[in-house]
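Start counting the sequence shown at 2; every next residue gets the next number (my numbering).
Just below is one structure, and these are the notes that go with it.
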Amino acid sequence: MCLSTLLNPASVAIFGASRNPEKIGGRPIRFMKEMGFAGAIYPINPQHEEVQGLTCYLNLDAVPEVPDAAIIAVPKDRVLEAIEACATRGVKVCVVMASGFSEAGAEGKAAEQKMLAIAARTGMRIVGPNSQGLANFHNGAILNFSTMFIEEPPKVGPVACISQSGAMSVVPYGMLRQRGIGVGHCHATGNDADVTVSELAAEVVLDPKVKLCILYMESLRDPKNLAIAAERARERGVPIIALKSGRSAHGKRAAASHTGAIATEDRVIDAFLERHGIWRAEGTEALVQAAEIYLQGWRPTGKRIAVVSNSGATCVLSADAIERYGMELAQFSPETEESIRQVLPDFAASKNPIDITAALLTDSGLFGKVLPRTGEDAEVDILMIGIPVSGKAYDFDRFAQDTADFIRTYGKPVVLAAPQRDVRAAFARHGIPTFETEDSAIRALAQFTDHLAMMQQAPGGAVTPAQTSVAGATLDEYASLDLIAAKGVAVPLRQICGTAQDAQAFLATCPNGIVLKASSAEVPHKSEHGLVRIGLKTPEDVARNFAEIEAKMGEMGVAFEGVLAAEMLASGRELVVGGYIDPVFGPVVIVGEGGVAVEAMPDNQLLLTPFSLSDIEAALTKLRIGPLFKGVRGARPLNAQAVFQAARSVAELLGEGAVLSVDINPLITTPDGATAADALVEIRQG
């Protein structure tokens, strides 16, 4: 079923309809009547003949037509009966508001599965259960019981809020409404049992009236549809901002108890969202902090900011914030500085940031004189006006008018930072984004510009189907190295030696010495048990260390299968390249600093497949050791191409289906290439 019917139903039935417009079964009727829903509304309640001025029906069979949608606002023990009636009659979609299903334990989960099975027979879709409902303010289809629509009356606008949580669908709505921003869609999917946040987002972003989409998710079990939503949004230039809760261990447990969420490593979600151009908000405020800027439709070409203020302190604080949030302080050309100097008092600062001083009090036209001169400078992408102090003697209405005239003429983004409400109101009347402080203004600008760049660079792509969890078996190091070597990864010369004499003979072929390691799949982390010996250059060293490794394995009760002898590699930087199958996202590849401290001091990046050399290079630059790939103090840069080859090989192995995980650590990396000194591969059993 096309979900457009869900957002644009021609008729709605309400099971559990109430005469009381303040009850769950009464509010949707009240809202639809008040907000101009043009379709038919069919209350269903055997106890009433009339509900809120509408004919009330005994049951669904008594309704004169098959409704497009039904609201199920009855207690949990009557839900399945209502679902059965809707499926039998041919209803297209049901919004189930009752709770007590999968979020409440095994019994509730079983009931939820029965509900889905009933719906699946006819292709009927379910929103919920445990859903607050949907609200399309553009057409008045308010299948929703939230009191927020009473506290903060709707104003139709270009923002869509879609959430699993009912509260987190209307909290951003309320924050936006308090800032005067209109909301067109406000939807909550509850348990996400059938229609997911991702699927709903993929439909909502097609609405030509939507200019910004805000999401809240406690689990991301439907990445396929979120990728589709992101692709559609990028095509239309619609930014998506998502708040995915459950970053912490406690948060993950809370999310699971709330919605039965599937757990996945949080950084994988970061990688997925970035890949698809979705900005991940750190909290509720961050969902809406830059909304006014997004809705302007601006497309700045860079992050260079010019600051104009009547306060030296604001200029200094703005410069600090610009650096803190990764923006740039624009460098004026000499011509721009001279032009600004001509219209300011001698004691004012004509460099960026521009301090026009208290002269603004006697010359209300200073903003109108300075702004065009900064706007003509090609080095300026964005302007921020800071007015920390204003009042009766200041003509802030003129400041706002001059700023609006500048925006119309030059088309460059401008934001205001002003703590006084009346000053902000004057600018807001002209549609100019306003903030209380320079810090909040620049933080929002940083999010906006970084997000635009992310959207432009996002490779997107279909999500690799996840593979079900199966039992695995770990290969020994020799077999693991063989497997990655077959995919093009350089590996050292090596041999399994059954005796010390075999190892001594191998030493003769390796002029730089050899390494001895226990050869056993039972001991994947050999260095922790003293089963790795490096830099052996004499037959005596080889014999002694061989005997010690064999003895140690006996003490551990590990069957002796020989000792792996490998040539001693030249020194280089130790990296880790690995990967595993995520239960939701499929193959995940890891690149980062390796060695024995890889877990104690992690410095790595995650990538989803497929990825390119430029993706690997971008990931490597984010590492603490990233500068080594550009060259430091005259040293040649480490070989990113070789790291890419290793990462691509890991991705290929994971994608073929037989391999569950790969760990190449260390990958000895030099300016000339990279060699896998050790590897551990887990394969599927059976």
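We put the CB at the ideal spot given by N, CA and C, even for glycine.
When you compare only the Cα positions, how much space is there between Ile163 and Val198?
Counting from one through the sequence shown, the residue named residue 163 turns up at place 162. Counting from one through the sequence shown, the residue named residue 198 turns up at place 197. Taking the straight line joining both Cα atoms gives about 6 Å.
Less than 8 Å between C-beta atoms, sequence neighbours within five positions excluded: which residues of the same chain meet that for Pro373?
On the sequence shown, position 372 is the one that residue 373 refers to. Only Phe407, Thr410 and Tyr411 meet the Cβ criterion.
Could you give the uninterrupted runs of the beta strand (DSSP E) lying entirely in the stretch 579-627, keeping only those of 3 residues or more?
587-594 and 605-609
Looking at the structure shown, is Leu668 part of a helix, part of a strand, or coil, going by DSSP?
Translated into the one-based positions of the sequence shown, residue 668 becomes position 667. If DSSP states are grouped into helix, strand and coil, Leu668 belongs with the strands.
Spatial neighbours of Ala349 in its chain, beta-carbon cut-off 7 Å, leaving aside the 5 residues before and after
Translated into the one-based positions of the sequence shown, residue 349 becomes position 348. Contacts found: Asp356, Ile357, Thr358 and Ala360.
Is the stretch 203-211 in contact with the stretch 230-243, if contact means three or more CB pairs nearer than 8 Å?
yes
Let me check you understand the geometry: is the CB of Leu453 closer than 6 Å to at least one non-hydrogen atom of the ligand NAD?
Ligands displayed in this structure: none; no statement on the ligand NAD is therefore possible.
Ordered along the chain, which non-local residues of its own chain (more than five positions away) have a Cβ less than 7 Å from that of Phe16?
Locating residue 16 in the sequence shown gives position 15, where the first residue counts as 1. Excluding residues within five positions, the ones whose Cβ falls inside 7 Å are Ile45, Ala71, Ile72, Ile73, Ala74, Val75 and Ala83.
Limits of the beta strand (DSSP E) - the one that Asp496 falls within
Here residue 496 refers to the residue found at position 495 of the sequence shown. The sequence shown places Gln at residue 496, rather than the Asp named in the question. Its beta strand (DSSP E) spans residues Arg495 to Cys498.
Pull the bridge partners of Val416 from the DSSP assignment, please.
Taking the sequence shown and counting its residues from 1, the one referred to as residue 416 is at position 415. The partner list for Val416 (beta bridge, DSSP) reads Met385.
On the criterion of 16 or more Cβ atoms from any shown chain inside 10 Å, does Gly531 qualify as buried, or is it exposed?
Position 530 of the sequence shown holds residue 531. Residue burial annotation: Gly531 is exposed, with fewer than 16 other C-beta atoms found within 10 angstroms of its C-beta.
State the start and end residues of the unbroken alpha helix (DSSP H) segment that holds Ile30.
As a working mapping, residue 30 is identified with position 29 in the sequence shown. Looking at the DSSP string, the run of the alpha helix (DSSP H) that includes Ile30 is Arg28 to Glu35.
I want to know whether the stretch 383-395 touches the stretch 414-433 - three or more CB-CB distances under 8 Å.
yes
Closest Cα partner of Ser572 within the set His526, Glu523 and Asn513
Counting from one through the sequence shown, the residue named residue 572 turns up at place 571. The candidate whose alpha carbon is nearest that of Ser572 is Asn513.
Please give the ranges of any alpha helix (DSSP H) in the stretch 95-157, keeping only runs that are unbroken, at least 4 residues long and fully inside the region.
107-123 and 149-152
Taking only the alpha-carbon atoms, compute the straight-line gap between Glu377 and Gly183 and give it to the nearest angstrom.
Taking the sequence shown and counting its residues from 1, the one referred to as residue 377 is at position 376. Taking the sequence shown and counting its residues from 1, the one referred to as residue 183 is at position 182. Roughly 33 Å between the two C-alpha positions.
DSSP-derived helix/strand/coil call for Glu523
Numbered from its first residue, the sequence shown carries residue 523 at position 522. Looking at Glu523 - three-state DSSP - the assignment turns out to be coil, as it is neither helix nor strand.
According to DSSP, simplified to helix, strand and coil, what is Ala83?
Here residue 83 is taken as the residue at index 82 of the sequence shown, counted from 1. Ala83: helix per DSSP, three-state reduction.
Hey, quick one: how far does the alpha helix (DSSP H) through Pro301 stretch, first residue to last?
Working through the sequence shown from its first residue, we reach residue 301 at position 300. First-last for Pro301: undefined, no H or E at that position.
For Ala567, the first and last residue of its enclosing beta strand (DSSP E)
Counting from 1 along the sequence shown, the entry for residue 567 is found at position 566. Val564 to Glu568 is the span of the beta strand (DSSP E), which, as asked, contains Ala567.
Determine the DSSP secondary structure at Phe630, reduced to helix, strand or coil.
Numbered from its first residue, the sequence shown carries residue 630 at position 629. Phe630 falls in the helix class under three-state DSSP.
Measuring alpha carbon to alpha carbon, tell me which of Ile127, Asp664 and Ala636 ends up nearest Ala677.
As a working note, residue 677 is residue 676 in the sequence shown. It is Asp664 whose Cα lies nearest to the Cα of Ala677.
Three-state secondary structure (DSSP) of Phe38
On the sequence shown, residue 38 is found 37 positions in, with the first residue counted as 1. Residue state, collapsed to three classes: coil.
Neighbour-count burial assignment, Ser615, 16 or more Cβ in a 10 Å radius
Translated into the one-based positions of the sequence shown, residue 615 becomes position 614. With fewer than 16 Cβ atoms within 10 Å of its Cβ, Ser615 is classed as exposed.
DSSP three-state label for Ala356, please.
Within the sequence shown, the letter at position 355 stands for residue 356. The amino acid occupying residue 356 in the given sequence is Asp; Ala does not appear at that position. Asp356 falls in the strand class under three-state DSSP.
Quick check on this structure: which residue in Asp62, Gln448 and Ala99 has the alpha carbon closest to the alpha carbon of Lys77?
Taking the first residue of the sequence shown as 1, we reach residue 77 at position 76. Residue Ala99 is the option with its Cα nearest to Lys77.
His431 - DSSP class collapsed to helix/strand/coil
The sequence position of residue 431 within the sequence shown is 430, counting from 1. Coil at His431, not helix or strand.
Just reading off the beta strand (DSSP E) that Tyr217 is part of, what are its end residues?
By 1-based counting over the sequence shown, the position of residue 217 is 216. Element bounds for Tyr217: Leu213 to Met218.
Alpha helix (DSSP H) containing Lys393: first to last residue?
Taking the sequence shown and counting its residues from 1, the one referred to as residue 393 is at position 392. Run containing Lys393: none; DSSP gives neither H nor E here.
Are the CB atoms of Ile242 and Ala322 nearer to each other than 7 Å?
By 1-based counting over the sequence shown, the position of residue 242 is 241. By 1-based counting over the sequence shown, the position of residue 322 is 321. Taking C-beta atoms as the reference points, Ile242 and Ala322 fail to come closer than 7 Å.
Could you compute how far the alpha carbon of Leu639 sits from the alpha carbon of Ala544?
One-based indexing of the sequence shown puts residue 639 at position 638. One-based indexing of the sequence shown puts residue 544 at position 543. Going from the Cα of Leu639 to the Cα of Ala544 covers about 36 Å.
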